[in-house]
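Each number in this note's numbering corresponds to the 1-based position in the sequence shown with 463 added. Notes follow once the structure below has been shown.
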Amino acid sequence: MSQLKYLIGLSIILRIGFFLFGLYQDKYMAVKYTDIDYLVFNDASKFIYDGKSPYLRETYRYTPILAMLLIPDNFNELWFNFGKVLFMISDLITGLIILKLLSKNEKLTNRKIMILSSIWLLNPMVITISTRGSAESVLTVMIMLSLYYLLDKKNIILSSFWMGFAIHFKIYPIIYLPSVLYYLSTKSTPFINLPILNLINKKNLSYLFVTLMTLCGINYLMFLKYDWEFIENSYLYHFSRLDHRHNFSIYNMALYYKSSLLNGISGLDIEKLAFIPQLLISGLIIPLVFAKNDLLSSLFIQTFAFVTFNKVITSQYFIWFLIFLPHFLSKSNMLTTNKINGVVCLLLWIGSQGSWLYFAYKLEFLGENTLDYGLFYSAIFFFLSNCWCISQFISSL
């Protein structure tokens with residue numbers, strides 16, 4: 464218990480420290496700490512505060528609920544960082560749920576639970592992202608609440624409610640539905656005892672129904688308030704998004720050259736075709752192989768694959784799979800008999816990012832053209848490294 468209090472206390476202190484340093488950096492340094500996205504969220508919340516649409520803020524491509532959560536930012540200057548505090552609290556709650564789920568594994572010692580939980584709670588990347596004003600932690604807490612109610616409390620209704628809310632908040636968690644439904648296929652008597660049809664039972668049908676009703680209900684309320692601009696900016700935009708800046712993706716160069724064409728004319732809609740291998744691998748193949756026996760490990764591998772094959776990858780996206788990493792490591796042999804492969808995976812993952820960031824720095828800050836040789840080959844290196852890591856994750860279970 465004392466170890467747990469120390470871990471939580473240190474987690475809180477670190478977040479406060481990063482937050483205060485961010486205030487100092489924003490005030491006294493040329494390079495600001497606050498994420499540009501936070502300023503977008505803040506501007507959108509100001510429009511809602513004034514009774515207007517958040518989509519009056521150009522580049523706001525999120526659910527109106529996010530802007531609503533940040534309305535207190537506009538009370539006065541002292542409240543400007545309310546959203547960051549909210550994200551920090553969400554970040555902490557996410558970590559506590561991770562710790563809670565790990566503690567259900569009777570094979571883990573208290574020391575190992577503390578170490579694995581620290582991967583999230585004491586992770587400087589996680590802390591930096593939430594304290595800079597990224598809203599990813601609001602999404603992660605929804606996902607982890609869904610899994611907490613499913614795996615710990617066995618509450619299908621609350622679990623599916625939070626899953627539906629998470630999909631509304633950012634559409635990618637929809638890839639988790641096949642895994643959860645397949646996992647639940649063995650948790651109740653099937654309606655029809657025939658091949659394939661015997662996968663359908665009361666629990667997974669109820670889960671799917673409540674998830675869809677929650678998603679449709681929230682979307683309907685937002686549509687009533689903001690009409691088609693909600694649909695366009697929150698969902699449709701992301702299917703045709705051409706974002707070639709600050710993008711680790713292997714599709715980066717193709718998106719860059721397409722965006723430079725007159726009126727975006729191209730014979731190949733790569734931004735749409737990119738979804739085919741991505742969804743096939745992360746939304747179908749991996750769930751069918753792993754979800755029934757180990758749901759959380761399946762979610763880790765499929766999220767890692769989803770990010771790897773995504774047409775846009777930024778550092779914030781790494782948070783999506785980090786929430787599942789502690790559980791995965793508790794089940795894999797990468798911390799026991801296969802430590803070398805675990806270390807190689809880590810070095811490749813960090814090294815390939817470092818290569819990309821080096822050439823991105825030369826492009827952005829030194830004005831050197833590194834697109835065709837440096838960034839392109841670094842993106843390939845990052846993609847191949849991630850693919851190799853996925854193969855090692857699979858073989859380690």
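Don't be surprised by glycine CBs; every beta carbon is placed ideally from N, CA and C. These numbers come from a predicted model, not from an experiment.
Residue interval of the alpha helix (DSSP H) (run including residue i)
i, result
"Thr800", "From DSSP, Thr800 is part of no alpha helix (DSSP H); its letter is neither H nor E."
"Pro789", "788-794"
"Met492", "Unbroken run through Met492: none, as it is neither H nor E."
"Lys547", "545-565"
"Phe753", "749-753"
"Gly596", "Careful: Gly596 lies outside any alpha helix (DSSP H) and carries neither H nor E."
"Asn573", "573-584"
"Ser841", "839-858"
"Gly627", "619-632"
"Pro517", "Where Pro517 is concerned, there is no enclosing alpha helix (DSSP H), given that its DSSP letter is neither H nor E."
"Ser642", "639-647"
"Phe738", "738-743"
"Ser778", "Counting along the chain, Ser778 falls outside any alpha helix (DSSP H), and DSSP gives it neither H nor E."
"Asn537", "Counting along the chain, Asn537 falls outside any alpha helix (DSSP H), and DSSP gives it neither H nor E."
"Thr526", "Element bounds for Thr526: n/a, residue is neither H nor E."
"Phe767", "758-771"
"Asn505", "499-512"
Under 8 angstroms between C-beta atoms of residue i and residue j
i, j, result
"Ser474", "Leu584", "yes"
"Gly546", "Tyr501", "yes"
"Leu571", "Leu565", "yes"
"Leu811", "Trp783", "no"
"Asn861", "Ile606", "For residue 861 there is no data in the structure shown, the boundaries of the chain being 464 and 860."
"Ser815", "Ser642", "no"
"Asn667", "Leu687", "no"
"Ser793", "Asn568", "yes"
"Leu647", "Tyr612", "no"
"Ile786", "Gln765", "no"
"Leu693", "Pro527", "Per the sequence presented here, residue 693 reads as Phe, with Leu not at that position. Yes, Cβ-Cβ distance for Phe693 and Pro527 is below 8 angstroms."
"Ile630", "Leu678", "yes"
"Ile634", "Tyr698", "yes"
"Ser841", "Ser818", "yes"
"Ser580", "Leu470", "yes"
Sheet register partners of residue i (DSSP bridge)
i, result
"Pro653", "Asn664"
Status (buried if at least 16 other CB within 10 Å, exposed otherwise) for residue i
i, result
"Asp506", "buried"
"Val494", "exposed"
"Asp536", "buried"
"Glu521", "exposed"
"Ser593", "buried"
"Pro905", "As shown, the chain starts at 464 and ends at 860. That puts residue 905 outside it, with no answer to give."
"Arg574", "exposed"
"Gln466", "exposed"
"Ile479", "exposed"
"Met492", "exposed"
"Trp691", "exposed"
"Ala599", "The question names Ala, but residue 599 is Glu in the sequence shown. Buried, because 16 or more other Cβ atoms sit within 10 Å of the Cβ of Glu599."
"Lys468", "exposed"
"Tyr496", "buried"
"Tyr639", "buried"
"Asp498", "buried"
"Val503", "buried"
"Ser859", "buried"
"Phe763", "buried"
"Thr652", "exposed"
"Ile561", "buried"
"Ser854", "exposed"
"Phe767", "buried"
"Met676", "exposed"
"Ser703", "exposed"
"Thr799", "exposed"
Nearest to residue i (by Cα), restricted to the options the options
i, options, result
"Leu736", "Leu751, Tyr719, Tyr714, Pro750", "Tyr714"
"Met531", "Leu671, Leu541, Lys515, Val806", "Lys515"
"Phe839", "Ile748, Met716, Phe769, Ser858", "Met716"
"Phe781", "Gln488, Ile843, Leu798, Asn849", "Asn849"
"Ala674", "Pro517, Gly627, Val503, Asp554", "In the sequence as presented, Ala is not what sits at residue 674; that position holds Thr. Thr674 has its Cα closest to that of Gly627, out of Pro517, Gly627, Val503, Asp554."
"Lys563", "Asn796, Leu614, Asn682", "Leu614"
"Pro789", "Ile578, Phe550, Phe482", "Ile578"
"Leu602", "Ser622, Asp554, Ser651", "Asp554"
"Arg524", "Phe632, Gly680, Tyr824", "Phe632"
"Thr649", "Ser703, Tyr683, Asn618, Leu662", "Leu662"
"Tyr844", "Thr771, Ile534, Ile857", "In the sequence as displayed, the identity of residue 844 is Phe instead of Tyr. The shortest Cα separation from Phe844 among Thr771, Ile534, Ile857 belongs to Thr771."
"Leu743", "Asn773, Leu826, Asn696", "Asn773"
"Tyr836", "Pro658, Tyr821, Leu847", "Tyr821"
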